[in-house]
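I have placed the structure first, in the form of structure tokens, so that the comments after it can refer back to it.
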Amino acid sequence: MSKAGALDLATGLGGKIDKNDVLSAVDKYEKYHVCYGGEEQERKSNYTDMVNKYYDLVTSFYEYGWGESFHFAPRWKGESLRESIKRNQHFLALQLGLKPGQKVLDVGCGIGGPLREIARFSSTSVTGLNNNEYQIERGRALNCIAGVDQTCDFIKADFMKMPFPDNSFDAVYAIAATCHAPDAVGCYEEIYRVLKPGQCFAVYEWCMTDAFDPSNEEHQKIKAEIELGNGLPDIRLTRQCLEALKQAGFEVIWEKDLAVDSPLPWYLPLDKSHFSLGNFRSTALGSLITKYMVMALEKVGLAPKGSQRVQAFLEKAADGLVAGGKKEIFTAVYFFLARKPNFDDLSYVETTF
Ligand SMILES: C[S@@+](CC[C@H](N)C(=O)[O-])C[C@H]1O[C@@H](n2cnc3c(N)ncnc32)[C@H](O)[C@@H]1O
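For the sequence shown, the UniProt record's numbering gives the first residue as 1, with consecutive numbering after it.
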């Protein structure tokens, strides 16, 4: 069971940060960002500190508002948010052609919502790589409850320097995670290295689209809000990710911004102008209730000092994501499937040269 109660939210807030240090961690975290005068280079040089502070501060809010899987999904009319998230995890497993018994790597696995779903859907063993200790602790507990603790595990490490030998995995995927990388080529190169030749890597990436105009102040403000609210050093364009993938050595099988023909927009659950009982906590009224609840919990000392500030930057993030999605300058569901070439495969060599 995901930790979804108000008290769970309060006690989990701050993750591995000492409760007395939460407020100063919020201060330091905010100062990395443009909205508070921060610089891109600072965020990139200190990405481990910035991203870990972010996830220590927000993970219990994520579980409270979103569940065990921390990502968006294209959605059919009549489909609930949870159903759409699971369907997109199954889609990813099918795209990778996962087969029972295969060894799969989930890069930036959160608390393991996608990992558990994909492992059960495909009968594979999934390793979750994550640099955040608090999330791994939650993930291990949830794996035991789901009964996948014998086949799936977690490794605490940075996806820019993975602790695995070359050619270790039959498939690799990343969901809303590699956008945290300070350098896309470096990150994709690590993924390429640990993937077996001839095998595939699939991603849901967060990107600015070609409609993003860097000289437009409003566009820049939206980008800065998304970065602040989501622990991102610098959001790349879809075409920069594609180029980075090729530079890392991958052969791109197909790619598409799945936002383009999704019947319901991926950002709908955050859109305050939309009311949904199924996702009440992210509606305007739901956010207001959460705001006052966090205020009260902080006042009586059940939530650490700084909790309201976390709630406030998450609200800013939600506004930025909705504005970016509506203007189509940002997407949270840019999908690609890529293969690591197998140079020993003669048919590959014949068709390529
Ligand atoms: C938005 S969450 C997505 C989690 C998960 N994929 C899901 O969909 O539920 C991004 C994840 O990437 C992880 N992450 C960010 N930077 C990382 C790094 N350098 N190395 C390993 N994990 C990282 C975060 O700790 C977090 O778990």
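Using N, Cα and C, we set each Cβ at its ideal position, and we do this for glycine too.
Note that the structure is a prediction, hence the values are computed from the model and not measured.
Neighbourhood of residue i by C-beta distance below 7 Å, restricted to the same chain and skipping five residues each side
i: residue 157; result: 129, 131, 163
i: residue 187; result: 159, 160, 178, 181
i: residue 354; result: Given a span of 1 to 353 for the chain in the structure shown, any question on residue 354 remains unanswerable.
i: residue 135; result: 55, 59, 110, 111
i: residue 193; result: 166
i: residue 361; result: The chain is shown from 1 up to 353; residue 361 falls before or after that span and cannot be answered.
i: residue 38; result: 31, 32
i: residue 314; result: 58, 61, 229
i: residue 151; result: 119, 125
i: residue 248; result: 185, 188, 189, 192
i: residue 148; result: 116, 119, 120
Identity of the residues DSSP links to residue i by a beta bridge
i: residue 106; result: 128, 173
i: residue 254; result: 337
i: residue 331; result: 207
i: residue 237; result: 208
i: residue 264; result: 75
Span separating the alpha-carbon of residue i from that of residue j
i: residue 196; j: residue 65; result: 37 Å
i: residue 17; j: residue 200; result: 37 Å
i: residue 160; j: residue 145; result: 30 Å
i: residue 77; j: residue 264; result: 6 Å
i: residue 209; j: residue 222; result: 13 Å
i: residue 215; j: residue 320; result: 17 Å
i: residue 170; j: residue 99; result: 9 Å
i: residue 219; j: residue 203; result: 25 Å
i: residue 175; j: residue 335; result: 9 Å
i: residue 68; j: residue 231; result: 19 Å
i: residue 168; j: residue 299; result: 50 Å
i: residue 36; j: residue 27; result: 10 Å
i: residue 307; j: residue 318; result: 17 Å
i: residue 141; j: residue 124; result: 19 Å
i: residue 309; j: residue 288; result: 14 Å
i: residue 431; j: residue 255; result: The structure shown has nothing for residue 431, since the chain only spans 1 to 353.
i: residue 297; j: residue 198; result: 52 Å
i: residue 20; j: residue 304; result: 7 Å
i: residue 344; j: residue 172; result: 20 Å
i: residue 217; j: residue 244; result: 27 Å
i: residue 49; j: residue 137; result: 18 Å
i: residue 286; j: residue 101; result: 42 Å
i: residue 235; j: residue 5; result: 32 Å
i: residue 241; j: residue 79; result: 30 Å
i: residue 327; j: residue 97; result: 34 Å
i: residue 91; j: residue 24; result: 41 Å
i: residue 106; j: residue 257; result: 21 Å
Residue i classed as buried or exposed, judged by whether at least 16 other C-beta atoms fall within 10 angstroms
i: residue 213; result: exposed
i: residue 229; result: buried
i: residue 211; result: exposed
i: residue 190; result: buried
i: residue 116; result: buried
i: residue 143; result: buried
i: residue 206; result: buried
i: residue 74; result: buried
i: residue 103; result: exposed
i: residue 261; result: exposed
i: residue 227; result: buried
i: residue 14; result: buried
Close beta carbons around residue i, own chain, < 6 Å, minus the five adjacent residues each side
i: residue 52; result: 132
i: residue 251; result: 339, 341
i: residue 70; result: 62, 110
i: residue 233; result: 43, 44, 47, 182
i: residue 153; result: 127
i: residue 225; result: 316, 320
i: residue 89; result: 114, 117, 118
i: residue 95; result: 202, 337
i: residue 84; result: 73, 75
i: residue 34; result: 224
i: residue 40; result: 234
i: residue 87; result: none
Residues near residue i in its chain [Cβ-Cβ closer than 8 Å; skip 5 each side]
i: residue 325; result: 259, 265, 266, 267, 331, 332
i: residue 246; result: 252
i: residue 302; result: 7, 10, 11
i: residue 139; result: 109, 110, 111, 112, 115, 128, 130, 154
i: residue 237; result: 207, 208, 209, 210, 212
i: residue 311; result: 61, 290, 291, 294
Exercise for review: Counting only runs of 4+ residues fully inside the stretch 129 to 209, write out the alpha helix (DSSP H) ranges in chain order.
Suggested key: 133 to 146, 184 to 194
Practice item. List in chain order: all unbroken alpha helix (DSSP H) runs of 4+ residues lying wholly within the stretch 24 to 92. Key: 40 to 45, 47 to 66
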